[in-house]
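Numbering (mature numbering (1 follows the signal peptide of the UniProt record, and there is no 0)), first residue to last: -16 to -1, 1 to 203.
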């Protein structure tokens, strides 16, 4: 039902914006981006403040015909050029050089956000094990929890930031401890007598099948 509603409501707006590529941002010789839509999040991509205002005019035209309403007070304006300061725009919150906005969970800013993403990821990684360790009482259960509830969230973010090797090693150690001993404490240690090759070997080949984070991140 939600997919059908998206086609009936948002897709016509997207088509209207795409029909005016002169207002969008040229990405390649053959492609110009004018907007991004996901669920109830809508993002306009304009090459200048004048073009952005023209896009807002198109949105207003769509709203008049569809009965929709644009709430500018909930909108924010961010310059993708880190050397450019956004001019004032009525009713819209202007983001400064150190401010950030999230799109699909990934923060964007004129400043570098890598450290912020890493801190957030590190906390999410730890809290994932802390939240689920009570429900995983067997080795296979803990492995399933790690893959589906913890690591699946990790892969989404790691596509957008380089993870230092020290952080990868710390995460791998935490993952191994959780699977082998149900230990979820951040700085705890265990004596590992099992060879690493056996830990990361596929179950079909006789191993435990614990994901090798370094190998996954290099894909």
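Note that beta-carbon positions come from the ideal geometry of N, C-alpha and C, so glycine has one too.
Given residue 67 as reference, the closest of 94, 90, 154 once Cα atoms are compared: 94
Residue closest to residue 187, alpha-carbon to alpha-carbon, out of 150, 173, 136, 127: 127
Distance CB(residue 109)-CB(residue 134) smaller than 8 Å: yes
Where residue 74 falls: helix, strand or coil (DSSP): coil
Contact set for residue 76: own chain, Cβ-Cβ below 6 Å, skip 5 residues either direction: 56, 59, 61
Neighbour-count burial assignment, residue 200, 16 or more Cβ in a 10 Å radius: exposed
Same chain only: Cβ atoms within 7 Å of residue 42, ignoring 5 sequence neighbours per side: -1, 1, 4
Identified DSSP bridge partners for residue 25: 22
Three-state secondary structure assigned by DSSP to residue 33: helix
Three-state secondary structure assigned by DSSP to residue 200: helix
Three-state class that DSSP yields for residue 38 in the structure shown: helix
C-alpha gap between residue 32 and residue 16, whole angstroms: 14 Å
Cβ-Cβ distance between residue 185 and residue 160 below 8 Å: no
Delimiting residues of the beta strand (DSSP E) encompassing residue 9: 9 to 12
Where residue 86 sits in the DSSP three-state scheme: strand
Burial state of residue 168 (16 or more Cβ within 10 Å): buried
Identified DSSP bridge partners for residue 60: 77
6 Å CB neighbourhood of residue 193 in its chain, flanking five on each side removed: 186, 187
When 149, 117, 142, 125 are compared against residue 170, the one with the closest alpha-carbon: 117
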